[in-house]
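Note sheet for the following structure.
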Ligand SMILES: [Zn+2]
């Protein structure tokens, strides 16, 4: 049976008094904002969570996933102020002030509630102090009243008559959470600009996460004496066009054979490598990630071309179809034909050990991204840095890392890595003092042996990128 997460099991219960007090706090806050921005429209956003548990790490993930979709619906308007508090015991809350009419803002808020994946769990109050109407109801704007989560009838009537048990309501919410985050990772549709930002976030988040064993981060250059954190910043900036080009190529692709989509983005990839080399003065910071992230972005673009929410598993199928020929035709042919000195790390490993490296990973649909990266990011608690470290280690323990094998000059290093990761897990992961200290210890070991988990780092980039689109981080 598939893993099922209970959103409410680890949350803290609140009392009725606390709920009432919070209601007063919210209306005080709203009034303050209305007084400060009388000509604008105030939106107060919260979740409708039935029962006494109103916050948990999963509830915050739901809020984040919905909140970023809601804000992206207001991308074209001037947002004057944002207040966000995800940690409140009575549930996450946010406010934002938009320079737009009450009608316009209310319509967008309703369409978010009706059409986005978690919209039905959200409650957005929209108010404009100087508008004659002050507030507008759904029916005044020609929309139907809100429908019940469980039975689809009028939600107010169901609540008034207490038609459903708490268990039934929780079951619906749990099912939405599991569909979106656990059974698969659902990715809403975002603008090209938002996708470029998510990709940049992925590349920079990987770089700044620390302490990473053997890799470059702000506190250590690891086993790479030719780069610093700034090399990675420069390299990421040089890739901005590439992120947009690959995503757009996917959206515009009208062919049948997805291998042609790979052929379409290849010239962009070569240009991106050139841009990286120029920006870093000849250092290879991101060659592997340019390859995998470009393919992933093109696949996501293609999957979301009809402007509907997509499942990561579908994107991964597209990735694997794009890369269907990579191992047999390209890697095998090249590795056998070229003389050994001219081979890339992947080609030479295929030649020596029959390891398929990054091409094999693409052909298999970049599975470790979901299997280890996103799963750990979702489950891990603590700061974003700790969650990304836990994800990195889970990936490192789950893949055959061609950079690591190249540096160690033996595939036996993979088994050793699994043992390191095992020890790290037993220490409680990155959010414990012991776990953190162990990572620094590993950093020293890796530096002294000149080892680097570059392949795992590339997957961490993809994890942070997709985690950002999905709302996990
Ligand atoms: Zn109902």
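In the numbering used here, the protein residues as written are 298 to 770. Glycine residues also receive a C-beta, built at the ideal position from the N, C-alpha and C atoms.
Contact test: residue i Cβ vs ligand 1 heavy atom, cutoff 7 Å
i           : result
residue 460 : yes
residue 447 : yes
residue 427 : no
residue 668 : no
Proximity below 8 Å, CB of residue i to CB of residue j
i           : j           : result
residue 623 : residue 659 : yes
residue 544 : residue 620 : no
residue 367 : residue 403 : no
residue 541 : residue 749 : no
residue 510 : residue 739 : yes
residue 387 : residue 321 : no
residue 245 : residue 378 : Missing from the structure shown is residue 245; the chain here goes from 298 to 770 and no further.
residue 677 : residue 687 : yes
residue 593 : residue 481 : no
residue 607 : residue 484 : yes
residue 323 : residue 390 : yes
residue 666 : residue 756 : yes
residue 465 : residue 345 : no
residue 587 : residue 536 : yes
residue 604 : residue 486 : yes
residue 350 : residue 409 : no
residue 690 : residue 715 : no
residue 461 : residue 479 : no
residue 252 : residue 580 : The shown model of the chain, from 298 to 770, leaves out residue 252, and the question about it has no answer.
residue 407 : residue 435 : yes
Residue i CB to nearest heavy atom of ligand 2 below 7 Å
i           : result
residue 450 : No copy of ligand 2 appears in this structure; the ligands present are ligand 1.
Whole-angstrom C-beta distance between residue j and residue i, which should lie under 8 Å
i           : j           : result
residue 652 : residue 699 : 6 Å
residue 375 : residue 396 : 4 Å
residue 362 : residue 527 : In fact, because the Cβ distance is near 33 Å, the residues do not count as touching under 8 Å.
residue 353 : residue 307 : 5 Å
residue 663 : residue 760 : That pair is no contact at about 10 Å.
residue 302 : residue 355 : 6 Å
residue 562 : residue 546 : 5 Å
residue 584 : residue 571 : Contact flag wrong, Cβ pair sits at about 11 Å.
residue 683 : residue 737 : Residue 683 to residue 737, Cβ: 14 Å. No contact.
residue 512 : residue 705 : Their Cβ separation, rounded to whole angstroms, is 15 Å, which puts residue 512 and residue 705 out of contact at 8 Å.
residue 582 : residue 532 : 4 Å
residue 539 : residue 498 : Contact flag wrong, Cβ pair sits at about 15 Å.
residue 418 : residue 470 : 7 Å
residue 348 : residue 463 : 5 Å
residue 371 : residue 405 : 7 Å
residue 703 : residue 646 : 7 Å
residue 473 : residue 430 : Contact flag wrong, Cβ pair sits at about 32 Å.
So does the segment 489-506 actually touch the segment 750-770, counting three or more Cβ pairs closer than 8 Å?
The answer is yes - the segment 750-770 touches the segment 489-506, with three or more Cβ pairs under 8 Å.
Contained beta strand (DSSP E) runs [length at least 3] in the segment 571-596, N- to C-terminal order
Qualifying beta strand (DSSP E) stretches: none in this window.
Complete alpha helix (DSSP H) runs within the segment 680-749 (minimum length 4 residues, chain order)
Along the segment 680-749, the alpha helix (DSSP H) occurs as fully enclosed runs of 4 or more residues at 681-693, 699-705, 710-723 and 730-746, listed in sequence order.
Taking three-plus beta-carbon pairs below 8 Å as touching, is the segment 414-430 in contact with the segment 335-348?
A contact is defined here as three or more CB-CB pairs under 8 Å, and the segment 414-430 meets this definition with respect to the segment 335-348.
Within the segment 416-444, ranges of the beta strand (DSSP E) (whole runs, at least 3 residues)
If we require 3 residues or more, the beta strand (DSSP E) runs fully inside the segment 416-444 come out as 419-424.
What are the complete alpha helix (DSSP H) segments, minimum 4 residues, inside the segment 328-404?
Runs of alpha helix (DSSP H) with 4 or more residues, each lying fully within the segment 328-404, are found at 354-369, listed in chain order.
Under 8 Å: do the segment 588-608 and the segment 545-552 share three or more Cβ pairs, one atom per stretch?
Yes, the segment 588-608 touches the segment 545-552.
Only counting runs of 4 or more residues, tell me where the alpha helix (DSSP H) segments fall wholly within the segment 639-671, in order along the chain.
The alpha helix (DSSP H) runs of length 4 or more contained entirely in the segment 639-671 are, from start to end of the chain, 642-650 and 654-660.
Okay, do the segment 715-723 and the segment 688-697 touch, 3+ Cβ pairs below 8 Å being the bar?
Because the criterion of three Cβ pairs below 8 Å is met, the segment 715-723 and the segment 688-697 touch.
What are the complete alpha helix (DSSP H) segments, minimum 4 residues, inside the segment 439-496?
Listed in chain order, the complete alpha helix (DSSP H) runs (minimum 4 residues) inside the segment 439-496 are 452-457 and 463-474.
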